[in-house]
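The next block holds one structure in the form of structure tokens; read it before the comments.
There are 2 protein chains.
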Amino acid sequence: MTRYDLALIGFGGVNRALAQLIAGRGDELAAELGFALRVVAISDLRAGSLVRADGIDLAPLLAGEPAFAGLPGGSADPRTEQVIRGVPCDIVAEATFTNPADGEPALSHVRWALEAGKHVCTTNKGPVALHGRALRRLAAEHGVSFECEGSVLSGTPVLRTARRLLAGLRISGVEGIMNGTSNYILGRLEDGVDFPEAVKEAQALGYAEADPTADVEGFDVQLKVMILANEVLGAGLRRDDVSVRGIARLTPADMRDAAARGLRWKLVGSAALREDGTVDARVAPVALPVEHPLASVSGPANAVSFHTDLLGAVTVSGPGAGRVETAYALLSDIIAIHQRHAVLEESLHG
Amino acid sequence: MTRYDLALIGFGGVNRALAQLIAGRGDELAAELGFALRVVAISDLRAGSLVRADGIDLAPLLAGEPAFAGLPGGSADPRTEQVIRGVPCDIVAEATFTNPADGEPALSHVRWALEAGKHVCTTNKGPVALHGRALRRLAAEHGVSFECEGSVLSGTPVLRTARRLLAGLRISGVEGIMNGTSNYILGRLEDGVDFPEAVKEAQALGYAEADPTADVEGFDVQLKVMILANEVLGAGLRRDDVSVRGIARLTPADMRDAAARGLRWKLVGSAALREDGTVDARVAPVALPVEHPLASVSGPANAVSFHTDLLGAVTVSGPGAGRVETAYALLSDIIAIHQRHAVLEESLHG
Numbered sequence: 001m002t003r004y005d006l007a008l009i010g011f012g013g014v015n016r017a018l019a020q021l022i023a024g025r026g027d028e029l030a031a032e033l034g035f036a037l038r039v040v041a042i043s044d045l046r047a048g049s050l051v052r053a054d055g056i057d058l059a060p061l062l063a064g065e066p067a068f069a070g071l072p073g074g075s076a077d078p079r080t081e082q083v084i085r086g087v088p089c090d091i092v093a094e095a096t097f098t099n100p101a102d103g104e105p106a107l108s109h110v111r112w113a114l115e116a117g118k119h120v121c122t123t124n125k126g127p128v129a130l131h132g133r134a135l136r137r138l139a140a141e142h143g144v145s146f147e148c149e150g151s152v153l154s155g156t157p158v159l160r161t162a163r164r165l166l167a168g169l170r171i172s173g174v175e176g177i178m179n180g181t182s183n184y185i186l187g188r189l190e191d192g193v194d195f196p197e198a199v200k201e202a203q204a205l206g207y208a209e210a211d212p213t214a215d216v217e218g219f220d221v222q223l224k225v226m227i228l229a230n231e232v233l234g235a236g237l238r239r240d241d242v243s244v245r246g247i248a249r250l251t252p253a254d255m256r257d258a259a260a261r262g263l264r265w266k267l268v269g270s271a272a273l274r275e276d277g278t279v280d281a282r283v284a285p286v287a288l289p290v291e292h293p294l295a296s297v298s299g300p301a302n303a304v305s306f307h308t309d310l311l312g313a314v315t316v317s318g319p320g321a322g323r324v325e326t327a328y329a330l331l332s333d334i335i336a337i338h339q340r341h342a343v344l345e346e347s348l349h350g
Numbered sequence: 351m352t353r354y355d356l357a358l359i360g361f362g363g364v365n366r367a368l369a370q371l372i373a374g375r376g377d378e379l380a381a382e383l384g385f386a387l388r389v390v391a392i393s394d395l396r397a398g399s400l401v402r403a404d405g406i407d408l409a410p411l412l413a414g415e416p417a418f419a420g421l422p423g424g425s426a427d428p429r430t431e432q433v434i435r436g437v438p439c440d441i442v443a444e445a446t447f448t449n450p451a452d453g454e455p456a457l458s459h460v461r462w463a464l465e466a467g468k469h470v471c472t473t474n475k476g477p478v479a480l481h482g483r484a485l486r487r488l489a490a491e492h493g494v495s496f497e498c499e500g501s502v503l504s505g506t507p508v509l510r511t512a513r514r515l516l517a518g519l520r521i522s523g524v525e526g527i528m529n530g531t532s533n534y535i536l537g538r539l540e541d542g543v544d545f546p547e548a549v550k551e552a553q554a555l556g557y558a559e560a561d562p563t564a565d566v567e568g569f570d571v572q573l574k575v576m577i578l579a580n581e582v583l584g585a586g587l588r589r590d591d592v593s594v595r596g597i598a599r600l601t602p603a604d605m606r607d608a609a610a611r612g613l614r615w616k617l618v619g620s621a622a623l624r625e626d627g628t629v630d631a632r633v634a635p636v637a638l639p640v641e642h643p644l645a646s647v648s649g650p651a652n653a654v655s656f657h658t659d660l661l662g663a664v665t666v667s668g669p670g671a672g673r674v675e676t677a678y679a680l681l682s683d684i685i686a687i688h689q690r691h692a693v694l695e696e697s698l699h700g
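As they're listed, the protein sequences go chains G and V. When we follow the working numbering, the leftmost residue of the first sequence carries the number 1, and every step to the right adds one. When we follow the working numbering, the leftmost residue of the second sequence carries the number 351, and every step to the right adds one.
Okay, structure coming up:
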């Protein structure tokens with residue numbers, strides 16, 4: 001059976017959930033998917049680095065906060081570049097963090113891996129939104145894949161729905177509810193809770209971060225709109241090309257007024273092809289008719305609608321965040337890598 | 351470039367819409383998809399048969415009701431079996447009709463084609479619901495594909511979402527709104543229109559047939575539940591295994607009562623894995639909480655939710671019927687056939 005050796009870059013919630021999946025049901029997945037997964041390297045800013053060419057025993061690392069120093073092959077030094085470039089492996093699973101201004105450090109991680117001829121799957125928006133086209137070219141030059149399903153709605157398949165299941169259709173626009181935190185807060189405003197209190201609740205529930213700006217001001221959605229516009233509509237948008245307005249000025253009274261008119265306020269990210277082939281992209285609160293496919297997406301749920309010529313709107317909804325959900329996005333990327341690159345060999349050996 | 355020669359079985363709305371797509375944008379599709387399509391045979395009970403080994407000029411056939419007798423290669427006799435078995439072609443696009451009791455005549459069409467070593471795409475529920483497993487086995491024996499995305503929600507990708515994009519997940523259940531006619535009628539009941547009047551409206555709009563029984567009594571959804579249960583959950587259900595209750599006894603008063611309790615009546619088809627591995631499958635009106643992902647699916651729209659272990663519910667919504675929408679399902683099947691069978695050759699020649 002085909003086996004892929006993985007390097008996990010970042011060992012926070014997402015890559016630990018992926019490690020948990022591999023440790024807990026690797027055999028079952030292998031039987032279903034036709035390939036086995038083995039982790040041969042981990043690099044994490046806090047835990048350090050761990051390299052074992054014969055495979056890391058993952059289970060002991062999943063209880064409590066791991067520290068790799070002292071383990072065989074371990075070091076307190078994350079040695080990120082050396083791990084990515086130097087350790088022989090097939091796939092780099094990148095799940096660190098990203099600066100929305102320049103996509104770093106995730107961008108460098110992805111570049112190093114592709115330059116080293118390794119497939120990459122990442123859950124980071126930054127590299128995809130800001131440098132997706134260049135990274136795709138780099139991957140092609142090195143004969144490897146660059147997969148990033150988790151950069152939009154965690155494990156809910158959005159990019160792959162557009163690329164694979166809607167092939168042959170003309171997609172003229174994309175719109176979505178792509179931030180669960182702001183969507184949860186809007187729901188609470190509908191319940192009559194005022195904005196500051198709703199933000200506090202979202203923080204208490206773990207939906208919102210200590211600084212909720214990226215979520216409530218629309219900057220998180222802005223990057224996702226860039227990804228959808230560039231990957232699905234073929235646009236080459238930069239951040240300035242996507243106008244952004246957040247939800248911070250909406251009040252319970254606005255919600256009541258909208259409801260009285262059969263409308264519901266949602267933070268909508270959208271990108272639409274104009275007649276001249278350019279793309280209009282924006283993030284803004286929109287009062288949607290309650291019958292609109294996105295109007296009923298509630299709480300932390302997310303959804304994306306594709307506007308197509310032959311089918312009209314096709315909408316995919318599901319979770320937009322979560323450790324396990326995002327880890328599944330990485331697994332789905334690995335499945336895509338397998339399907340693309342292993343078919344030839346499997347056919348020859350099968 | 352790879353080219354697929356097609357035989358169209360049935361030349362009603364769906365296959366004519368497919369012919370229109372091929373005639374109108376075949377070159378564009380070829381550039382995007384990497385393969386060309388050519389129709390070499392058509393068989394239709396009314397129009398007769400038309401066989402041209404060098405390709406049929408489709409455009410003249412798309413104006414008005416075609417009659418093939420008198421055309422070069424044409425005959426008033428549909429010669430269905432001879433066309434399917436005898437005319438050299440790569441893919442048979444089956445879009446005739448189906449008897450829900452035994453799946454005929456579509457079932458025989460599919461069998462003949464698979465036995466002749468031809469790939470099959472069909473939009474007919476009957477063969478898939480009643481004999482999906484046997485047909486898949488037959489296809490495997492002959493090294494060809496049996497594709498049937500259009501048998502559930504026309505062109506909205508449901509089977510392929512489950513099989514391809516949710517691979518690796520444990521899917522424990524499926525539920526959906528899979529009949530636009532009954533969903534439209536429920537919407538009209540909500541507007542206060544009584545049942546017989548709502549049916550008449552649906553008939554006038556072309557949503558409901560002269561005999562609306564299959565739609566409003568749930569028998570159409572029953573076949574779709576069988577397809578989802580068998581194809582997605584691996585069940586081997588027969589028709590008797592899916593209990594059926596329709597919407598004919600619901601009234602505008604029921605709708606008002608539900609709304610007052612934050613509920614909305616929907617005709618839900620569902621299949622769920624039980625602890626012992628068997629599958630509970632049913633069609634019945636269900637009063638869903640308005641926040642339920644299926645509660646807001648309105649009018650002729652359809653949707654299917656997959657219940658998964660790692661992502662929770664993932665829902666796909668879009669059209670559930672329509673000539674062009676169903677023709678796209680056939681195109682999406684052809685794309686799937688291409689992806690599965692041409693990758694090896696393309697890799698070698700690419």
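Glycine is no exception: its CB is placed at the ideal position from the N, C-alpha and C atoms. The structure displayed is predicted, hence computed values, not measured ones.
Rounded C-alpha distance that separates residue i from residue j
| i | j | result |
| --- | --- | --- |
| residue 196 (chain G) | residue 566 (chain V) | 48 Å |
| residue 146 (chain G) | residue 7 (chain G) | 15 Å |
| residue 476 (chain V) | residue 654 (chain V) | 19 Å |
| residue 246 (chain G) | residue 293 (chain G) | 21 Å |
| residue 79 (chain G) | residue 128 (chain G) | 24 Å |
| residue 679 (chain V) | residue 9 (chain G) | 40 Å |
| residue 22 (chain G) | residue 58 (chain G) | 8 Å |
| residue 415 (chain V) | residue 387 (chain V) | 23 Å |
| residue 156 (chain G) | residue 319 (chain G) | 6 Å |
| residue 101 (chain G) | residue 633 (chain V) | 51 Å |
| residue 677 (chain V) | residue 362 (chain V) | 11 Å |
| residue 263 (chain G) | residue 118 (chain G) | 48 Å |
| residue 352 (chain G) | residue 604 (chain V) | Given that chain G is displayed from residue 1 to residue 350, the structure contains no residue 352 (chain G) and the question cannot be resolved. |
| residue 692 (chain V) | residue 470 (chain V) | 15 Å |
| residue 239 (chain G) | residue 226 (chain G) | 7 Å |
Exposure of residue i, with buried meaning 16 or more beta-carbon neighbours within 10 Å
| i | result |
| --- | --- |
| residue 447 (chain V) | exposed |
| residue 251 (chain G) | exposed |
| residue 202 (chain G) | buried |
| residue 223 (chain G) | buried |
| residue 610 (chain V) | exposed |
| residue 88 (chain G) | exposed |
| residue 487 (chain V) | exposed |
| residue 667 (chain V) | buried |
| residue 530 (chain V) | buried |
| residue 45 (chain G) | exposed |
Beta-carbon proximity of residue i to residue j, cut-off 8 Å
| i | j | result |
| --- | --- | --- |
| residue 308 (chain G) | residue 169 (chain G) | yes |
| residue 74 (chain G) | residue 55 (chain G) | no |
| residue 617 (chain V) | residue 682 (chain V) | no |
| residue 449 (chain V) | residue 526 (chain V) | no |
| residue 84 (chain G) | residue 116 (chain G) | yes |
| residue 549 (chain V) | residue 568 (chain V) | no |
| residue 321 (chain G) | residue 300 (chain G) | yes |
| residue 270 (chain G) | residue 173 (chain G) | yes |
| residue 39 (chain G) | residue 19 (chain G) | yes |
| residue 69 (chain G) | residue 76 (chain G) | yes |
| residue 516 (chain V) | residue 167 (chain G) | no |
| residue 130 (chain G) | residue 110 (chain G) | no |
Own chain, CB closer than 8 Å to residue i, minus 5 neighbours either side, in chain order
| i | result |
| --- | --- |
| residue 421 (chain V) | 400 |
| residue 278 (chain G) | 235 |
Residues near residue i in its chain [Cβ-Cβ closer than 6 Å; skip 5 each side]
| i | result |
| --- | --- |
| residue 445 (chain V) | 360, 364, 365, 473 |
Nonlocal neighbours in the same chain, by C-beta distance under 7 Å from residue i, ignoring five residues either side
| i | result |
| --- | --- |
| residue 231 (chain G) | 132, 159 |
| residue 512 (chain V) | 521, 582, 656 |
| residue 591 (chain V) | 631 |
| residue 286 (chain G) | 266, 268 |
| residue 258 (chain G) | 264, 265, 287 |
Whole runs of the beta strand (DSSP E) within the segment 408-489 of chain V, excluding any shorter than 3 residues
441-444, 469-472
In the segment 238-314 of chain G, which residue ranges form an unbroken alpha helix (DSSP H) of at least 4 residues, counting only runs that do not cross its ends?
252-260
Please give me, in chain order, every unbroken run of the alpha helix (DSSP H) with length at least 4 that falls completely inside the segment 502-562 of chain V.
530-540, 545-554
If you scan the segment 214-240 of chain G from start to end, which runs of the alpha helix (DSSP H) of 4 or more residues do you find wholly inside it?
If we require 4 residues or more, the alpha helix (DSSP H) runs fully inside the segment 214-240 of chain G come out as 219-232.
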